[in-house]
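Chains as they are written, first to last, in the working numbering: chain A, 11 to 175; chain B, -1 to 781; chain C, 20 to 350. From the three backbone atoms N, C-alpha and C, an ideal C-beta is built for every residue, glycine too. Before any comments, here is the structure.
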Amino acid sequence: MSKEIVRLKVNGEWREVALPLNRLLLDALREDLVLTGSKRGCDDASCGCCAVLVDGVPVLSCVALAFSYQDCVIVTVEGIAAPGELDPVQEGYAEAGGAQCGFCTPGFLIATKALLDRHPHPTPEQIRNALSSNLCRCTGYMQIYESVKLAIERAESRAVAAGRS
Amino acid sequence: MAGETLIGKPMPMTDARSKVTGLGKYTDDISVPGMLIGRILHSPHPHARIRGIDTSRAEALEGVKAVCTGKDAPRPYGILPIGHDEGVFQIDKARYIGDNIAAVAATSAEIAEQALGLIDVDYEVLPAWLDPREAMLAADNWIHQGKPNNIEKEYHHHFGNVDEALARADFVREESYFAGEVSHAAMEPHSTLAVWDADGRMTVYSSTQVPYYLHRTLADVCEMPMSQIRVIKPLVGGGFGGKSEVIPLEIAAGVLAKKAKRPVKITYTREEVFYAHRGRPITYMDIKAGLTREGKITGLYARVVQDGGAYCGYGPVTVLYSGALLGAIYDIPNVKYDGYRVLTNKPACGAMRGHGTVNVRFAVEAMLDALAHDAGLDPLEVRRRNLLKAPCITVNGLRVTSYGLPECIERVAERSGWNEKKGKMPPGRGIGMACSHYVSGAANPIIRSNIPHTTINLKIDRDATVTVYSGAAEIGQGSDTMQVQIIAEVLSVDPQRVRLVAADTDLTPIDLGSYSSRVTFMAGNACIDAAKNMRAQLLAGVAKKLGVDPAQIDLRNEQIFVAGEAQPRMNFDQAVAAALEFQGGLVARGTYAPPEEARGGKFKGSGVGPSPSYSYSAQVVEVHVDEETGRVTVDNIIAAHDCGRALNPLTVEGQIEGSVYMGLGQALQEEMIWLDGRLMNPSLLEYRIPSTLETPEIESIIVESMDPEGPFGAKEAGEGSLAATIPAIANAVFDAVGVRINTLPITPEKVLAALEAKKKSERVKASGNGGPAGGNGNRGGSR
Amino acid sequence: MTMPAFRLARPASLDEAVRILADGGPEAMIIAGGTDLVPNLQMKLFTPRVVVDLKPRRELSGIEFSPGRGLRIGALTTLTAIMESPVVRAKFPVLAAAVGTIAGPLQRNMGTLGGNLCLETRCRWYNQSDFWRTALGGCLKKDGPICHVAPAGKFCWAAWSGDAAPALLTLDAEVEVTGPGGARRMPLGDLYTGDGMDRLRLGRGEILTAVHVPARMAGRRGVYHKLRIRNSIDYPLAGVAVTMLVDGQGVCREACVALTAVNPAPVVVRDAGQALIGRRFEPALIEQATHAAISTGKPLTTSASTPVYRREMVRLFTRRALEELWKNGRA
């Protein structure tokens, strides 16, 4: 198939890549931009492993055509925090057991990040609902909730620290 | 316990950062220059003779670099030495829809897929065996030559005298149970990258739980010496047993790479994962058990038929585990078991979390609940009255060294408010309980040999980094972290100083892999052994340097102390430098092999079941049932698990909760649905593992029985809890609405039908025509 | 699984989109959110020559309400936007409820109202990979001679499985369709053919561009009950939407029951609503309405759940919805 140029702002950097028009956003990220953090766990938009933020909204990159997102701002798991740093959400999942095998983790991080950006203090029900497109086969979700709670605490203490300085 | 600084404290996983940043690499994340994409041609028929395969059109397609069939790798393989019945590509017959016939490596996935369509296979379709109860009666047309009546294996065990025991019981029940087929559904679809290098050596990256078995099988089927193959396990996105056998794509990638002399990557589609399968088989269970008025179980009989699918796989082990762990959780003096592993024209079953125990546990624990009800006894009390008195050896020769089940039962009873709730819940609400147990690794390796089950190598050099070389396979359960924790504890160093090199056959010694919950017990003990050896060497060097008796030297918190002195003499870096002066780089080795007395009895099939120690679990579940929809909602699950010692409570809780979750799925909503040998739901959309919204609050309680042989007292934590969840839910459903659903999964349809039947029978009773209460009219296989 | 090759058109205007679709005819398809189309493309259920991407046409999305003109929702409005819209939640609760049950939050962030109304029909013999269907020998809907659900007939029973349509049917919604001849409006019910094979009554080049709900429906009470195994992700196995207007005396003034996922189209249960009008609550009337519902809903073996059970749930959900709105409710 012939290719055209798609222009995406991925993790803060404008990228232009020549892709066939049927290219899925997930494949563009994983193969063409070598951002392999986003995963493919299913073939029918039912597992959430491929979630990325598009203009701040979490979507499934496995059913998105890359060209549909021309000029959009995309954040993958690799771009949640600056290189070498961790976002509170990442700290939460790393420390409270939210990531066992880690394969679903990028999708959960994206969904959690979007939730907390909108609702910094979600109710347990809001957390449960916001994560209900993401399947995890390892944790039984309990330590994922613990991870979200820890993320909220970390975000708060960072805000307090920032307020002090 | 005294003085331990790391053991028993929560420790985040050592690879957590690589997972939360997306920087960690799973197999499919790895690409190398010149890499081809491989795709496998699967059989469209459940049973067919292969008369011929013509690959010429596929080979001619631009971009196709290799096409392989069974002729390219004719040696059969299988995970068990007695079961080498599977070719990487079948030569004579296709035995299930999805069986592997040929494969293509091409410059793109699109071309590879297109090429599959150009391979012409001439099939002669044969009648297929799809129901094990029929397959085992087959007079001819057997799935494998040499397996008469399609019976892969059968075992008959009898301990004590069950007939006599049932005859003297006050309450005897006979029930049929059924469990539908379930699959691991690890989030990562299997992937293998085989890299053929300039020297004709092959490096294989694969999503495996057992690099060692993969290494052996690759060498065998690719007809290469093991020394010419290197297997590396990158991050693995969950296994649960589904990556514990050698999976067809792993060999297919190797065979293609060898032929193309180029790197080849194959990643399964989700549908192919279901065909590779190796999950928990459809199981028919006829159970007979007797109970005295006092609540003592007199005897237990089980006839178990497992629908094994088309290849042997781990099948004989599965059916043996079902027998070995049938009654051994309790003190049951009379146990009889007839187990059949039957071949059918469906994807092969194998090991899945709680291997072999889960379905029979469901049947036995549901049976005990029913018997307790018959006897007017509290089902929890019935468990109390049938406990083992450990240490002991069970009637079938299993050596029980530690037994936390009594405490598990008491803890869940207390936490759940069992006494206040049982039998006193409002209509539609119920509470149920059940117990389970599991092995901490198999005492006998599947490939009989005298090599240790785990070897750990340690190295310390001038940088004072402690490098651990371990073949154990981290698949998300936290085994890397466990090993770092143990090494750091024994060496009294900061865990940050410990670097783990794992699961790379060029670098790491043999470990038998991540299955049967063996890693904490076996690799853990080997780590202790290695670290103690290292510690002794280090301290000997330091003593020599300081000119004192080694017995006077101690290492605590990275500091060297001489007896009687309050101030440390040197820090760890200085200690290492000192020791290096006398012998150069420090290396140490540790091993673990289960003790002879843990290896079981001497009867046929006694090799499977024995373990150096057993974990125990008790659970209480609360449910509510919508009597108009039949829908069961689990409100909460309290799970107590005796893991001996929680080396890392964070990961132990994660394992308990994950096990319970998987049990929940099997109990209520997961099932592979078959029609004419066709899997109707090979996707995560239709094979419905629970989402956050059906998963209740799971509370885990850690019980520590301090196993005398476990590393710091530890036993398994990753599988044993699964089996209790299912019967606990089934028993809670009975408590809620008075119907027993003896077939899994407990779907709303079955509950509704049982409720209807119950109402009907109550109406009949009320009108004077007494009849047995309904509720068991849900024999499986009627879907 | 790979994607089939196609030309992706990103029209600069709605007119251009219509033109490309009209030119492409049956070989042209629309993509909006992609949650339905892309898996189907990967399964090779379709191999279009051209795919028209409506996503850049932002003018097709938005929710407008005025007490005089009622509710207008652009076809490209995401399901999340509808579910969270204050006006939809306050004045058209049945729609907010139904849309809130579609798949899960991430799918709703992508999926659009137009996409949900134009969902491809679903069947377990059809929504399978190319390999799976080839092994089967295809089905009537795709590459095969027979319908595996009803092998004797020549009719495709694939179930129409959206959630928004039954809710909108109970609100008397109309759809706006734009084609080569300009825009036209028709009752939502007329959009569906009732044939699992060819579900939509749209002409060549026509695009569903908006949905209108009449002003008189603002404030109409309604509920949606959905049968599914998981409370997220799953398509409906059956769905019942009910709206009702009850006066101060408890007399039913208007009522509508609509079903989904049990027929090749979403359907209004005509007799159910009619029977209740002008009457006060009584169990016999509910019985009559539920009977009408199960006479209209014709679930077959298109999904994992059995037809008998799905039919039973249509009966139960209809009863529950009516009781909820009537027995306890006053206008």
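| Item | Value |
| --- | --- |
| Exposure of P706(B), with buried meaning 16 or more beta-carbon neighbours within 10 Å | exposed |
| Chain-order list of residues whose beta-carbon lies under 8 Å from that of P86(C) (same chain, five-residue window excluded) | A234 and A237 |
| Chain-ordered neighbours of G123(C) on chain A, where CB pairs are closer than 7 Å | S142 and S143 |
| Length of the line joining the Cα atoms of T215(B) and T281(B) | 29 Å |
| Closer than 7 Å at the beta carbon, the chain C residues around I69(A) | The sequence shown places Val at residue 69(A), not Ile. Those within 7 Å of V69(A) in chain C are L125, N128 and M129. |
| Close-in-space but distant-in-sequence residues of the same chain around G102(A) (CB under 7 Å, 5 per side omitted) | G108, S157, V158, L160, A161 and R164 |
| Exposure of S447(B), with buried meaning 16 or more beta-carbon neighbours within 10 Å | exposed |
| Element boundaries [alpha helix (DSSP H), containing E560(B)] | Residue identity differs from the one stated: residue 560(B) is Val in this sequence, not Glu. Per DSSP, V560(B) belongs to no alpha helix (DSSP H); it is in the beta strand (DSSP E), Q557 to V560. |
| Exposed unless 16 or more other CB atoms sit within 10 angstroms - verdict on E172(B) | exposed |
| DSSP state of E707(B) mapped onto helix, strand, coil | coil |
| Three-pair Cβ contact test at 8 Å for the region 321 to 329 of chain B versus the region 291 to 305 of chain B | yes |
| Within-8 Å CB hit, S56(A) to chain C | yes |
| Three-state secondary structure assigned by DSSP to I654(B) | helix |
| 8 Å Cβ cutoff, W151(C) in contact with chain B | yes |
| Nonlocal neighbours in the same chain, by C-beta distance under 8 Å from R383(B), ignoring five residues either side | E292, G293 and K294 |
| Contact under 8 Å by Cβ, V701(B) with C390(B) | no |
| Span separating the alpha-carbon of I739(B) from that of I727(B) | 10 Å |
| Bridge-paired residues (DSSP) for K457(B) | T465(B) and V585(B) |
| 8 Å contact criterion, which F118(A) and L141(A) should meet: CB distance rounded | 6 Å |
| Where P30(A) falls: helix, strand or coil (DSSP) | strand |
| Residues, ordered as in the chain, of the region 71 to 89 of chain C that lie near chain A by beta-carbon distance below 7 Å | D72 and K74 |
| Secondary structure of M152(A), DSSP reduced to three states | helix |
| Proximal residues, the region 600 to 618 of chain B versus chain A, C-beta separation under 7 Å | none |
| Interface residues of chain A facing M48(C) [CB-CB closer than 8 Å] | Simply none; closest approach about 12 Å. |
| C-alpha gap between Y121(B) and G93(C), whole angstroms | 53 Å |
| CA-to-CA distance, L256(C) to A438(C), given in whole angstroms | Residue coverage of chain C in this structure runs from 20 to 350, which leaves residue 438(C) outside it and unanswerable. |
| Cβ pair count under 8 Å reaching 3, the region 174 to 189 of chain B against the region 369 to 377 of chain B | no |
| DSSP bridge partner residues for Y612(B) (one or two, in chain order) | V437(B) |
| Within chain B, the residues that I313(C) reaches when beta carbons sit closer than 8 Å | Near I313(C) there are no residues of chain B at all, since even the closest Cβ is about 15 Å away, more than 8 Å. |
| DSSP-derived helix/strand/coil call for K63(B) | strand |
| Contact list for the region 679 to 697 of chain B against chain C, Cβ threshold 8 Å | N679, P680, L683, E684, R686, P688, S689, T690, L691 and E692 |
| Rounded straight-line distance, which links the Cα of W24(A) to that of V83(A) | 9 Å |
| Selected residue, minimal CA-CA separation from R239(C), among V265(C), A277(C), E193(C) and C137(C) | V265(C) |
| Minimum C-alpha distance to G352(B) - residue among S512(B), Y266(B), G599(B) and I227(B) | S512(B) |
| T631(B), enclosing beta strand (DSSP E) - first and last residue | V630 to D640 |
| CB contact check: N250(C) to chain B, cutoff 8 Å | yes |
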